[in-house]
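Worksheet for the structure shown next.
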Amino acid sequence: MKRIMILATALLAALCAFADTDVNVTKKATGDGRVAISNVAGSVKVAGWDRHEVKVEGTLGKGVKRLEFEVRGGRTDIEVVVPRRKSRHIESHLTIHVPLRSSLNVKTVSASIGISGVQGGELELNAVSGEIRAAECRGEVEAESVSGAIDISGTPTSVRAASVSGRVKIQGVSESVESETVSGRLELVCGVLNRCAMESVSGAIDFEGALRKQGKLDATSVSGSVNLHFTEDVAGHFDISSFSGNIQCDFGPPPSRVHKYGPGTELRFSKGDGDARVSVETLSGAVRIR
Amino acid sequence: MNCDEARTYLNDYIDGLLEKRREKALGEHLRACAECREEERALRALVGQARGLPATIMPDRDLWPGIKARVEGNLVDIAAVRQRRPAMLHYAVAAAAAIVLVVGAVVVWLLEDGAPADYAENNFTHTEQEYLGAKEELLNALKAQEASLSPETVATVEANLAVIEGAVRDIRLALADDPDNPHLERILLATYRNEVRLLHQAVHLANES
Numbered sequence: 001m002k003r004i005m006i007l008a009t010a011l012l013a014a015l016c017a018f019a020d021t022d023v024n025v026t027k028k029a030t031g032d033g034r035v036a037i038s039n040v041a042g043s044v045k046v047a048g049w050d051r052h053e054v055k056v057e058g059t060l061g062k063g064v065k066r067l068e069f070e071v072r073g074g075r076t077d078i079e080v081v082v083p084r085r086k087s088r089h090i091e092s093h094l095t096i097h098v099p100l101r102s103s104l105n106v107k108t109v110s111a112s113i114g115i116s117g118v119q120g121g122e123l124e125l126n127a128v129s130g131e132i133r134a135a136e137c138r139g140e141v142e143a144e145s146v147s148g149a150i151d152i153s154g155t156p157t158s159v160r161a162a163s164v165s166g167r168v169k170i171q172g173v174s175e176s177v178e179s180e181t182v183s184g185r186l187e188l189v190c191g192v193l194n195r196c197a198m199e200s201v202s203g204a205i206d207f208e209g210a211l212r213k214q215g216k217l218d219a220t221s222v223s224g225s226v227n228l229h230f231t232e233d234v235a236g237h238f239d240i241s242s243f244s245g246n247i248q249c250d251f252g253p254p255p256s257r258v259h260k261y262g263p264g265t266e267l268r269f270s271k272g273d274g275d276a277r278v279s280v281e282t283l284s285g286a287v288r289i290r
Numbered sequence: 291m292n293c294d295e296a297r298t299y300l301n302d303y304i305d306g307l308l309e310k311r312r313e314k315a316l317g318e319h320l321r322a323c324a325e326c327r328e329e330e331r332a333l334r335a336l337v338g339q340a341r342g343l344p345a346t347i348m349p350d351r352d353l354w355p356g357i358k359a360r361v362e363g364n365l366v367d368i369a370a371v372r373q374r375r376p377a378m379l380h381y382a383v384a385a386a387a388a389i390v391l392v393v394g395a396v397v398v399w400l401l402e403d404g405a406p407a408d409y410a411e412n413n414f415t416h417t418e419q420e421y422l423g424a425k426e427e428l429l430n431a432l433k434a435q436e437a438s439l440s441p442e443t444v445a446t447v448e449a450n451l452a453v454i455e456g457a458v459r460d461i462r463l464a465l466a467d468d469p470d471n472p473h474l475e476r477i478l479l480a481t482y483r484n485e486v487r488l489l490h491q492a493v494h495l496a497n498e499s
């Protein structure tokens, strides 16, 4: 019996050693301050709430040194501190409530980032391989990832999003978008924009939205296709060119060859009396405009 | 702001590229921390020396074949860096940090403000050389610091650099068919910008790791 007790105690001790640590801390904060969050691995979920408090709850991986959680004036810092060069047992899963008018700066490596209902001035979201999802956004959003997908929705005024190989999906922007990828896909469903710049090397570009009277849209791709679907009439100047890709446009004159015998097609025309400008350039990517 | 964060942002602080809030926070930290102030002083001295160098040197011949060969050589060497001894790596990282600092201004100009369409059209060759120079320096820096990145990140960066290299090759072939085509020149410069941005991002990540 004694031997069984010793074994059970040892087993319990071993299990405890491998257990994650629970956290649940709440601190007073200003209603429109800036909250900076850093977590290497695991997940970060941030939700806006109608209180002047920041609440951090979740679990810290066994290999984590500590959680730093400091509020100084209008700034809140939350950092999962891990030993340098350590990559095992550091996954920490945090759910953080912040005052809904906060601005955010979230940085992770492989941890996913999920934001909902934070309607402050600026959201800066940065991951390496983790996925970034921000819903119910307002104001300005900046998101950057290497291989993680980016998904931004709500009614942000402006979005700047770049992923090297992850898919970038942006919905509901009302002012301006800048979006870049190397091999990922860009998917934009926007309102009536003032400025839209999209750049890709091999990833496809899909845009659905409209341009203001003096709005400007630029799309550049090497081999990825460019698909523009204007939900409202665009009055202005169109300048479309592709070296070897097909150009198909549902309005305006047919595309013409640049040289009589060589490759290259161009489509240039003005439509209506507006000053909007649409410019598309590809090497081999097909261009479709409707 | 703690010392680690302060040092992460110091380069951008000196280049005047930090957003206002972060600049203010770093300024406050520097006033309170003598060690970081010393770091700032040393960096400013180095930047001052770098500014003394000529901003650009126009090539008197086509440098592309030589640069291409060296860059491709560097890409092949990346895997070998993993095998090096830590002490060697330490010096390489220090050298790379200096390189990034020197090319920093050019890279920032190319990524943020530089190479506007009219400039690029009028000075295509010159702008191309700027990109190639920045690319080469960043590749060297990345080569030296690559061990700080996770194997998955290195694989993603290498795979996408290969995508970009393929695209550059295709555009150059098209340009050989249709020299001086302004659309192709702009696509090529945009692709270089993507490449420099990717390398800059990778070096930045390696610095932060």
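Chains A and B supply the protein sequences, listed in that same order. Once you know that position 11 of the first sequence is 11 in my numbering, the rest is easy, because the numbers rise by one and skip nothing. One rule links them: number in my numbering = place in the second sequence (from 1) + 290. Beta carbons: idealized from backbone N, C-alpha and C, even for Gly.
Taking 8 Å as the cut-off, the Cβ atoms of residue 177(A) and residue 170(A) count as close. The shortest C-alpha to C-alpha distance from residue 184(A) to any of 173(A), 191(A) and 167(A) is the one to 167(A). Between residue 40(A) and residue 106(A), the gap from beta carbon to beta carbon reaches 8 Å or more. When DSSP states are grouped into helix, strand and coil, residue 283(A) belongs to the coil group. By the beta-carbon neighbour count (other beta carbons within 10 angstroms, threshold 16), residue 294(B) is exposed. Remark: C-beta atoms of residue 116(A) and residue 144(A) do not approach each other more closely than 8 Å.
Look at residue 494(B): its C-beta is not under 8 Å from any C-beta on chain A. Bounds of the beta strand (DSSP E) holding residue 186(A) are 186-200.
Annotation: residue 437(B) has no Cβ neighbours in chain A at a cutoff of 9 Å; minimum Cβ distance is about 10 Å. DSSP, reduced to helix, strand and coil, places residue 218(A) within a strand of the structure shown. Listed in chain order, the positions of the segment 36-66 of chain A with a beta carbon within less than 7 Å of a beta carbon of chain B would be empty, since no residue qualifies.
Remark: C-beta atoms of residue 154(A) and residue 130(A) do not approach each other more closely than 8 Å. Between residue 235(A) and residue 475(B), the alpha-carbon positions lie close to 28 Å from each other. Check the Cα spacing between residue 232(A) and each of 226(A), 272(A), 46(A) and 264(A): the tightest is with 272(A). Annotation for residue 67(A): the continuous beta strand (DSSP E) segment containing it runs 66-72. Taking residue 462(B) as the centre and dropping the five residues before and after it, the same chain places the C-beta of 478 closer than 8 Å to its C-beta, in chain order. Shown here for residue 227(A): same chain residues with a beta carbon closer than 6 Å to its own, the five before and five after excluded, namely 206 and 288 in chain order. Under the 10 Å beta carbon count, residue 97(A) is surrounded by 16 or more other beta carbons and is classified as buried. Under the 8 Å criterion on CB atoms, residue 419(B) is classed as non-interfacial with respect to chain A. Under the three-state reduction of DSSP output, residue 89(A) falls in the coil class, being neither helix nor strand. Judged by pairs of C-beta atoms under 8 Å, the segment 210-229 of chain A touches the segment 267-281 of chain A, as three or more such pairs exist. Take residue 141(A), set aside five residues on each side of it, and the residues of its chain with a beta-carbon closer than 7 Å to its own are 123, 134, 152, 156 and 159, in chain order. Any Cβ of chain B closer than 8 Å to the Cβ of residue 136(A) would place that residue at the interface, and such an atom is absent. If you look at residue 416(B), you'll find it in the alpha helix (DSSP H) that goes 414-435.
DSSP places residue 446(B) in the uninterrupted alpha helix (DSSP H) bounded by 441-467. Residue 301(B) is outside the set of residues whose beta carbon lies under 8 Å from a beta carbon in chain A.
In the displayed model, residue 99(A) falls within a strand according to three-state DSSP.
The contact set of residue 481(B) on chain A, defined by CB atoms closer than 8 Å, consists of 201 and 222 in chain order.
In this structure, DSSP gives residue 268(A) an extended state, which the three-state scheme calls strand. Beta-carbon to beta-carbon, residue 103(A) and residue 42(A) are separated by about 23 Å, too far to satisfy the 8 Å threshold. With fewer than 16 other Cβ atoms from the protein chains shown falling within 10 Å of its own Cβ, residue 325(B) counts as exposed.
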